[in-house]
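Quick notes on the structure that follows.
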Amino acid sequence: MSITHAIHRLTSLLGEGLSLSKPVLETHGLSETYFPPTPPDAVAFPRSTDEVAQIVTICADEGCPVIGFGAGTSLEGQTQPTRGGISVDFSHMKAIRRLAQEDMVAVVEAGITREELNKELRATGLFFPVDPGANASLGGMASTRASGTTAVRYGTMRDNVIGLEVVLADGRVIHTGTEARKSAAGYDLTGLFVGAEGTLGLITALTLRLRGQPEAITAAICAFPSVANAVACVTDTIQMDLSMARIEIVDTATVAAFNSVAGASMPETPHLMLEFHGTESSVQEMAETFGDIATDHGGMGFEWAARPEDRAALWHMRHHAFWSVLQSRPGCRSLVTDVCVPISRLAEAVSAAQADISASVLYGPILGHVGDGNFHAILMFDPNKPAELEAAKAASERMVSRALDMGGTATGEHGIGIGKLNYMEREHGDAWNIMGDIKRALDPQNIMNPDKLVPPIN
Ligand SMILES: Cc1cc2nc3c(=O)[nH]c(=O)nc-3n(C[C@H](O)[C@H](O)[C@H](O)COP(=O)(O)OP(=O)(O)OC[C@H]3O[C@@H](n4cnc5c(N)ncnc54)[C@H](O)[C@@H]3O)c2cc1C
């Protein structure tokens with residue numbers, strides 16, 4: 021029983037579908053943020069659920085770790101094989117198995133990315149709304165319970181995944197959920213696997229809820245004298261129940277990165293970026309109401325982007341903010357925070373984070389999905405200066421501590437992986453041990469993405 025035996029047997033099963041090539045191993049051991057590389061022993065590229073089930077069965081026999089891999093864009097070291105083993109890369113499983121337009125439902129394989137899916141859906145008048153910015157895979161998005169810029173209107177993966185096909189740690193294949201809009205039939209196993217970060221099984225297919233493309237869409241950008249003004253504007257907007265499709269904040273440092281790296285020419289002050297979906301008249305009405313609220317909070321220099329290409333440019337810039345900030349400090353790496361607080365505490369949480377970062381040695385632009393009370397600080401550090409990483413970790417810890425005191429969470433969307441493990445006990449208390457019990461029940465050998473999410477096991 022060993023990883024070597026598992027590789028031997030997987031080679032017989034998959035042939036060229038198992039890679040031992042150094043560059044491939046290295047890519048699957050990397051982190052987008054600050055975790056040191058930890059390559060797997062091999063990378064499997066299955067083409068069907070049956071192959072995934074056979075891979076897991078062999079790994080279970082051999083006691084070999086199995087780590088799901090979608091697009092590798094997660095930010096908390098989730099895909100890193102801390103004990104070696106087999107990375108199962110879903111990039112060859114991208115089929116749309118079924119599209120029920122009249123029910124607004126699609127059944128897709130786990131490896132398709134959200135951009136690929138939406139491209140396929142374009143002609144149908146439907147789209148899949150969850151948008152984490154990165155072109156992540158649907159299996160990875162479900163596994164991290166991702167959300168992003170559109171969650172304020174359309175919800176997160178929890179709200180938009182209604183069923184799953186999962187290969188369990190013993191190789192059994194199960195189906196959860198139905199295509200019905202609701203069900204009261206027993207435990208919500210779909211909800212259990214959504215957000216499980218591959219620690220309970222591998223998702224091979226997902227049943228997704230689709231949405232109709234709105235008749236009218238308008239995006240806008242608006243400058244504010246301070247982050248506090250912008251956040252107060254967001255809080256009022258949400259409390260007035262104005263139906264935003266997106267409402268994002270970028271602080272002065274992020275705008276400076278847009279200007280220096282992304283070719284923007286924005287006044288260097290905090291901005292809100294927003295989008296309204298609806299009918300021509302409702303969009304117009306919402307935009308006017310928002311304009312009034314923004315003016316009350318010192319908003320200025322509104323720019324509207326109704327043309328698709330202008331909107332695309334605006335959101336391209338927002339989605340690439342992480343890369344713009346990284347490029348603005350060549351050679352630096354980042355630790356990205358992800359706290360989420362009740363909307364009434366948002367202004368306080370953002371101001372405290374800003375003050376904390378300013379008082380430290382850190383450079384840490386702030387941006388985020390403020391409509392959900394969720395914001396990120398991209399805490400930059402020089403990898404050659406260990407003290408800077410320690411300062412970033414300490415600032416992140418203070419941010420989480422404040423968020424938990426406010427009734428919030430350590431992570432609104434990026435998940436736990438390795439990076440946020442230290443906060444789980446404080447956030448969940450004994451409920452974290454229940455997560456460990458579920459893990460042990462479904463994966464008694466601890467082969468599915470070990471060392472992530474649950475309390476330490478052997
Ligand atoms: C620039 C940038 C911006 C981002 N913005 C956002 C954002 O706004 N909102 C947000 O939520 N996230 C954001 N993220 C994080 C990231 O995009 C999400 O975590 C995303 O859901 C990861 O999907 P992936 O396909 O890359 O998964 P991976 O990184 O490959 O995997 C993520 C986790 O899922 C597991 N996994 C992958 N596939 C499967 C499967 N088929 N079955 C079981 N487990 C599996 C992996 O083992 C791992 O634990 C951002 C990342 C970047 C780089």
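Just so we're aligned: the sequence shown equals residues 21 to 478 in this note's numbering. For each residue, glycine too, the CB sits at the ideal point set by N, CA and C.
Taking 8 Å as the upper bound for CB-CB distance, Ala423 and Leu382 are not in contact here, some 18 Å apart. For Ala276, the enclosing alpha helix (DSSP H) stretches over residues Thr272 to Val281.
Around the beta carbon of His336, a 10 Å sphere encloses fewer than 16 other beta carbons of the protein chains shown; the residue is thus reported as exposed. For Asn469, the shortest C-beta to heavy atom distance toward ligand 1 is below 6 Å.
Assignment of Phe342 by DSSP, reduced to helix, strand and coil, places it in the helix class.
Boundaries for Phe310: no beta strand (DSSP E) harbours it, while the alpha helix (DSSP H) harbouring it runs Glu300 to Asp316, taken from the DSSP string. With respect to the 7 Å criterion, Val193 and Ala64 are not classified as neighbours on the basis of their beta carbons.
In the structure shown, Ala379 falls within a helical segment according to DSSP collapsed to helix, strand and coil. DSSP, read as helix, strand or coil, puts Thr53 in coil. The beta strand (DSSP E) runs lying completely inside the region 388 to 461 and spanning 3 residues or more are 394 to 401, given in chain order. Per DSSP, the beta-bridge partners of Arg231 are Phe147.
Relative to ligand 1, Leu473 has its C-beta separated by 6 Å or more from all heavy atoms. Of the residues Gln100, Glu136, Ala314 and Gln347, the one whose Cα lies closest to the Cα of Asp151 is Glu136. Arg118 is bridged by DSSP to Val127.
Sequence-distant partners of Asp190 (beyond 5 residues in either direction) whose C-beta falls short of 6 Å from its own C-beta, in its chain, are Ala80.
A residue is called buried once 16 or more other Cβ atoms fall within 10 Å of its Cβ, and Gly153 is buried on that count. For Trp324, DSSP records a beta bridge to Ala240. Counting along the chain, Ala162 sits inside the alpha helix (DSSP H) bounded by residues Leu158 to Ser163. Of the residues assessed, Ile182 falls on the buried side of the cut-off, its CB having 16 or more other CB atoms within 10 angstroms. A check of alpha carbon separations from Ser354 across Val361, Phe342 and Ser364 identifies Phe342 as the nearest. For Ala154, the CB falls within less than 6 Å of some heavy atom of ligand 1. With 16 or more other Cβ atoms from the protein chains shown falling within 10 Å of its own Cβ, Ser157 counts as buried. Shortest Cα-Cα distance from Leu146 to any of Val125, Ala130, Glu129 and Ser163 involves Val125. Leu473 is the residue among Gly160, Ala333 and Leu473 whose C-alpha sits nearest the C-alpha of Ala451. By alpha-carbon distance to Ser94, the top candidate from Ser167, Ser41, Asn138 and Glu71 is Ser167. DSSP places Glu185 in the uninterrupted beta strand (DSSP E) bounded by Val181 to Leu188.
A straight line joining the alpha-carbon of Met21 with that of Thr31 spans about 16 Å. Taking a 10 Å sphere around the C-beta of Leu228, we find 16 or more other C-beta atoms and assign the residue as buried. Excluding the 5 residues flanking it on each side, Asp392 has same chain C-beta neighbours closer than 6 Å at Ala171 and Val172, in chain order. The DSSP-derived three-state label of Phe213 is helix. Shortest gap from the CB of Gly215 to any heavy atom of ligand 1: 6 Å or more. A direct Cα-Cα distance of roughly 25 Å separates Gly37 from Asp463. Remark: C-beta atoms of Gly97 and Gly388 do not approach each other more closely than 7 Å.
Distance from the CA of Ser416 to the CA of Ile398, rounded to the nearest whole angstrom, comes to 10 Å.
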